[in-house]
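>
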Amino acid sequence: MSEHTIKMPDVGEGVAEAELVEWNVKPGDLVREDDVLAAVMTDKATVEIPSPVEGEITWLGAEVGDTVSVGSPIVRIKTAGGDSETGEGEVTETTAAEPEPEKATDAPLKEVAKKPEKKPADEAHRQVPTPRTFGAPRAEGEKPVASPAVRLRAREAGIDLRQVPGSGPAGRILHEDIDAYLRAGPSPAGAIARHPDTSVEEVKIIGLRRRIAEKMALAKSRIPHITYVEEIDVTALEDLRASLNISRKSDRPKLTILPFLIQAMVVAIRDQPALNAHFDDDAGVVRRYGGVHVGIAAQTDAGLVVPVVRHAEARDLWDSATEVNRLAEAARAGTATREELSGSTITITSLGAMGGVATTPVINHPEVAIVGVNKIMVRPVWDGAAFQPRKMMNLSSSFDHRVIDGWDAARFIQRIKALLETPAMIFVEA
Amino acid sequence: MKEITCKLLVIGAGPGGYVCAIRAGQLGIDTVVVEAAKPGGTCLNVGCIPSKALIHAAEEFEKASHWAAGETPLGISVAKPALDFGRTIAWKDSVVGRLTTGVAGLLKKAGVKVVVGRAHFRDGKTVEVETETGTQVIRAEAIVIATGSTPVELPFLPFGGSVISSTEALALTEVPATLAVVGGGYIGLELGTAYAKLGAKVTVVEAEDRILPLYDAELTRPVSKNLAALGVEVMTGAKARGLSKKGDALLVETGNGEKKIAAEKVLVTVGRKPLTEGWGLEEIDLDMSGRFIRIDDHCRTSMRGVYAIGDVTGEPMLAHRAMAQGEMVAEIIAGKSRGWDKRCIPAICFTDPEIVSAGLSPEEARAAGRDVKVANFPFSANGRAMSRLAEAGFVRILARADNHLVLGIQAVGQGVSELAAVFGLAIEMGATLEDVAGTIHAHPTQGEAFQEAALRALGHALHI
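Sequence lines, in order, name chains A and B. Count the first sequence with the numbering used here and you get residues 3 to 432, in order. Count the second sequence with the numbering used here and you get residues 6 to 469, in order.
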């Protein structure tokens with residue numbers, strides 16, 4: 003005689019336990035293969051447990067209403083047959099198939115080798131093929147099994163195979179399972195669900211990125227920033243710029259806002275040289291420079307670099323424009339020299355069309371001021387009688403508050419505002 | 006020299022690099038591959054292929070010697086064979102030559118540009134190559150590092166003179182009268198066996214307590230037995246200490262003191278190390294995983310746009326792993342959705358008899374807490390094996406006890422290397438014991454032992 007222990011089957015979808023809701027048998031009952039033994043309920047469905055064998059029920063492992071974890075024994079069935087010669091009871095389990103590893107591996111090779119034709123028939127008979135279920139859902143966290151072709155198809159269709167139930171042997175995912183999964187579409191429970199991406203990519207901060215990081219940390223840790231945002235009406239400036247661009251000589255560059263701003267800053271610095279300076283805080287010295295060397299923060303593939311328009315005070319509008327273009331090109335191509343990338347005394351930062359409404363620029367240490375250009379937008383402006391559509395642009399500028407007071411900062415920006423709003427004043431001495 | 010700009014640059018044209026380049030070329034990617042030597046890498050030039058040629062020649066010679074000695078039951082007798090080792094090596098070189106030329110042709114056909122020289126990283130997008138005609142700068146959007154590996158040198162047995170690596174062992178001018186092999190791994194045993202068959206007196210010195218420590222004792226037993234039959238002395242638990250003063254013997258420390266082993270040549274095969282020096286790893290500062298370059302399941306390194314494949318990325322250092330990685334990376338760079346999802350990388354020892362292993366070994370499965378069924382089927386009960394005097398060995402299958410999913414397959418026996426294909430396919434397809442048992446295996450073949458092992462695991466083997 004042998005005894006089968008039936009365990010709570012894996013009812014799927016990551017369910018670790020199920021409630022026993024009904025017994026169809028009691029100890030002493032005789033059952034045939036496929037007779038229903040019990041019903042269990044998960045939060046999703048009720049599942050019937052059929053008997054895998056014919057025999058007599060000897061033991062029930064739970065009562066109705068009990069919550070039973072997957073893999074726990076719930077029924078034992080005594081079966082007829084088995085090994086009557088030895089009379090030894092054999093215990094078989096159904097959810098975990100009969101283990102018999104040692105028997106197979108330890109079969110002495112020599113012995114069988116001598117008489118391969120003589121089959122130990124009785125032994126072969128005793129080894130009853132074990133029943134088991136095909137296509138059982140996978141336990142949680144178990145790797146899905148699928149052929150390389152199915153894996154490739156899933157990957158290309160963006161399907162996470164962990165979400166696909168497998169109907170093949172050992173829960174293998176078949177092409178048909180992918181078809182069914184695709185037909186079903188995203189399930190309400192979110193089977194195609196977005197799953198959390200727990201990956202972490204470590205990116206080493208090296209090279210230019212590290213230098214930028216160090217520079218920014220230095221600036222922010224040493225310099226108490228004060229940021230001042232003011233709006234500028236650039237309607238007149240834009241008209242002038244458009245006219246100049248149309249009538250310019252062919253060898254002259256197309257003008258952007260930048261060369262005008264550079265020229266306006268040169269004029270404003272004449273009255274406020276304190277803004278065009280380096281603050282050597284270790285030495286406790288502010289160095290005011292005669293020359294206005296304007297750094298232009300530029301984005302490159304590698305990161306932020308700041309090429310410098312040297313001696314802007316000695317350049318006219320066109321010359322400034324040419325120099326800005328040349329430097330931007332060199333910076334992007336990675337051919338800017340060390341000299342071209344250092345020595346600025348004041349900096350402009352502009353993100354062009356991405357310039358936003360306001361920014362809080364970080365001062366290019368050891369400078370004391372940085373002027374940030376925000377994007378130009380047509381905004382309604384009240385002229386005292388009606389709203390007028392005007393081209394408006396904000397300047398967001400930061401100053402080193404240790405050496406520049408708010409009043410000086412405001413005066414500097416107001417001067418620039420006046421110059422840009424009436425651009426002729428940039429070029430004509432008052 | 007004019008700079009080259011390309012989409013993909015592959016450094017190294019070994020099995021990983023050349024496959025990556027060919028696949029990339031097929032996918033229309035503008036690809037350049039840099040190689041300092043001939044295409045094919047270690048595998049084609051000084052590894053897999055030449056060693057197999059030498060092993061084959063040795064097998065044939067040994068067979069003839071065996072016949073001449075009147076030791077075969079086949080009723081064949083021949084005169085004592087003679088060996089022209091120069092011709093053996095020349096033939097081996099011709100096989101290698103045909104294959105390296107073939108690879109060069111495949112690269113050309115795929116539209117891949119080959120730059121001959123040694124590459125050195127300038128940064129993550131730029132490489133300088135020292136070519137015969139000067140420095141060639143190559144800029145690429147993506148770079149694949151496939152620099153491979155080299156034999157490990159022992160400080161007290163530096164390569165040179167009579168101390169040789171596998172590379173020199175494949176290009177000797179004559180069969181040494183005595184050969185000491187330091188390291189009883191698969192490379193040392195393959196070459197040691199070949200030279201023993203060619204007539205050398207071979208001694209294998211292994212520090213562990215048995216040969217082929219990466220395989221279980223059940224698998225290696227037939228190999229040990231045959232080594233003894235070939236007259237190869239295997240010293241386990243023994244450590245090489247250096248050459249004798251005269252340089253004609255190897256000093257070995259054993260449990261019973263120091264021994265002197267006469268050795269015309271000392272072959273050191275104590276493993277291979279990833280080639281991470283000499284090409285500018287320090288310029289790009291990649292994250293490492295031990296001595297290997299760290300990669301993720303897309304073969305990406307810690308630097309964006311820089312990939313690494315093959316021996317430089319870790320164990321197992323096998324050509325077919327590198328090839329699969331190379332193919333995958335080429336497809337990823339072409340924008341396809343790919344990831345490393347292989348279930349097994351089969352491994353083969355071309356010893357006599359051969360060993361093949363795919364998937365988990367019984368020990369590994371048990372260590373992983375798996376409840377498994379294991380069964381083997383001996384070749385002594387296989388008609389084809391008997392009819393070709395190849396009764397040593399067996400096929401072993403290992404499956405999950407609950408759903409019979411095949412987790413591992415191993416075999417030891419003559420010619421079992423060719424079974425690697427079906428073993429790999431079974432595991433990759435997610436076969437169960439019933440799948441293997443239910444497949445008709447042609448009779449009479451040694452492959453039937455695979456089906457029988459599955460049947461035996463299910464409790465109803467037919468021929469045992």
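Idealized CB from N, CA, C, for every residue including glycine. Quick caveat, the model's predicted, so the values are computed rather than measured.
Where does S398 of chain A land, buried or exposed, given buried means 16+ other C-beta within 10 angstroms?
Classification for S398 of chain A: buried.
> Near G4 of chain B, which residues of its chain fall below 7 Å by C-beta distance, leaving aside the five closest residues on each side in sequence?
Absent from the structure is residue 4 of chain B, since the part of chain B shown begins at 6 and ends at 469.
> For a test of the three-state rule: what should DSSP assign to L272 of chain B, helix, strand or coil?
In this structure, L272 of chain B counts as strand in the three-state DSSP scheme.
> Ignore the nearest five residues each way along the sequence and tell me which others in H446 of chain B's own chain have a CB closer than 6 Å to its CB.
Same-chain partners within the cutoff: G452, E453 and Q456.
> Near W25 of chain A, which residues of its chain fall below 7 Å by C-beta distance, leaving aside the five closest residues on each side in sequence?
So the list reads A40, L62 and V66, once near-sequence residues are dropped.
> Measure from the C-beta of H446 of chain B to each C-beta in chain A and report whether the shortest distance is under 8 Å.
By this cut-off, H446 of chain B is not an interface position.
> At a Cβ threshold of 8 Å, is P467 of chain A touching chain B?
Outside the shown range of chain A (3 to 432) lies residue 467 of chain A, about which nothing can therefore be said.
> Between the alpha carbons of A64 of chain A and V72 of chain A, how many angstroms are there, rounded?
Roughly 13 Å separates the two Cα atoms.
> When you compare each of B:G139, B:E433, B:A182 and B:T140 to D346 of chain B by their alpha carbons, which one comes out closest?
Looking at the Cα atoms, B:E433 is the closest of the given residues.
> Assuming P54 of chain A contacts D37 of chain A (C-beta within less than 8 Å), just tell me the rounded distance between them.
With a Cβ gap of about 10 Å, P54 of chain A and D37 of chain A do not count as contacting.
> State the beta-bridge partners of G165 of chain B as determined by DSSP.
Paired residues: B:V168.
> With a threshold of 8 Å, are at least 3 pairs of Cβ atoms found where one atom belongs to the segment 350-360 of chain B and the other to the segment 299-312 of chain B?
Too few Cβ pairs lie closer than 8 Å, so no.
> So is K461 of chain A buried or exposed if we call it buried at 16+ other beta carbons inside 10 Å?
The structure shown does not extend to residue 461 of chain A, since chain A is modelled only from 3 to 432, so the question has no answer here.
> Any idea what DSSP makes of L467 of chain B, helix, strand or coil?
Three-state result, L467 of chain B: coil.
> Residues of chain A with CB under 9 Å from L410 of chain B, in chain order?
What L410 of chain B touches in chain A: V147, P171, A172, G173 and R174.
> Please decide whether E204 of chain A counts as near chain D, where near means a Cβ-Cβ distance under 8 Å.
Going by chain labels, chain D is absent from the structure shown, which instead holds the protein chains A and B.
> Using the three-state DSSP reduction, which class does I401 of chain A fall into: helix, strand or coil?
The sequence given here has Phe at residue 401 of chain A, not Ile. Three-state result, F401 of chain A: strand.
> When the Cα atoms are used, what is the spatial distance from D284 of chain A to P368 of chain A?
Taking the straight line from one Cα to the other gives about 11 Å.
> CA-CA distance, R144 of chain B and I9 of chain B?
C-alpha separation (whole angstroms): 6 Å.
> Less than 6 Å between C-beta atoms, sequence neighbours within five positions excluded: which residues of the same chain meet that for K378 of chain B?
Hits under 6 Å: A404, A406 and A462.
> For V275 of chain B, I'd like the list of residues in its chain whose CB is within less than 7 Å of its CB, leaving aside the five on either flank, ordered along the chain.
These residues qualify, in order along the chain: V157, L159, V187 and G188.
> What's the gap between the Cα of L111 of chain B and the Cα of S249 of chain B?
Going from the Cα of L111 of chain B to the Cα of S249 of chain B covers about 48 Å.
> Mind reading off the beta-carbon distance from A29 of chain B to A335 of chain B? Whole number of angstroms is fine, and I expect it under 8 Å.
Rounded, the Cβ-Cβ distance is 4 Å, consistent with contact.
> Can you tell which of B:K12, B:E263 and B:S170 has its C-alpha closest to the C-alpha of I148 of chain B?
It is B:K12 whose Cα lies nearest to the Cα of I148 of chain B.
> In terms of alpha-carbon separation, which member of A:K80, A:L260, A:V359 and A:S4 lies closest to G30 of chain A?
Answer by Cα proximity: A:K80.
> Any Cβ of chain A within less than 8 Å of the Cβ of D346 of chain B?
D346 of chain B counts as touching chain A.
> Tell me whether H448 of chain B is buried or exposed, calling it buried when 16 or more other Cβ atoms sit within 10 Å of its Cβ.
That one is exposed.
> In angstroms, rounded to a whole number, what distance separates the CA positions of E113 of chain A and L79 of chain B?
In this prediction, E113 of chain A has a pLDDT of 42, which is less than 50 and means its spatial position is unreliable; what the coordinates show is noted afterwards. The straight-line gap from Cα to Cα measures roughly 25 Å.
> State buried or exposed for G107 of chain B, treating a residue as buried only when at least 16 other CB atoms are found within 10 Å of its CB.
So G107 of chain B ends up on the exposed side.
> Find the nearest neighbour of E195 of chain B within the set B:T183, B:E320 and B:V209, judged by alpha-carbon distance.
Checked all of B:T183, B:E320 and B:V209; the closest Cα to E195 of chain B is B:V209.
> Is there a C-beta anywhere in chain B that falls below 8 Å from the one on E216 of chain A?
Cβ-Cβ to chain B under 8 Å: no for E216 of chain A.
> Using a C-beta to C-beta distance shorter than 7 Å, which residues of chain A count as neighbours of G435 of chain B?
Result: V147, A148, S149, A172 and R174.
> According to DSSP, is C25 of chain B helix, strand or coil?
C25 of chain B falls in the helix class under three-state DSSP.
> Considering only residues of the same chain and omitting the five flanking positions on each side of A109 of chain B, which have a CB-CB separation below 6 Å?
Cβ neighbours of A109 of chain B beyond the five flanking positions: P44.
> Given that R343 of chain B touches chain A, what residues does it touch there, using C-beta distances under 7 Å?
Under the 7 Å cutoff, chain A gives R157.
> What number of angstroms, rounded off, separates the C-alpha of L59 of chain B from the C-alpha of A436 of chain B?
Answer to the nearest angstrom: the Cα atoms are 36 Å apart.
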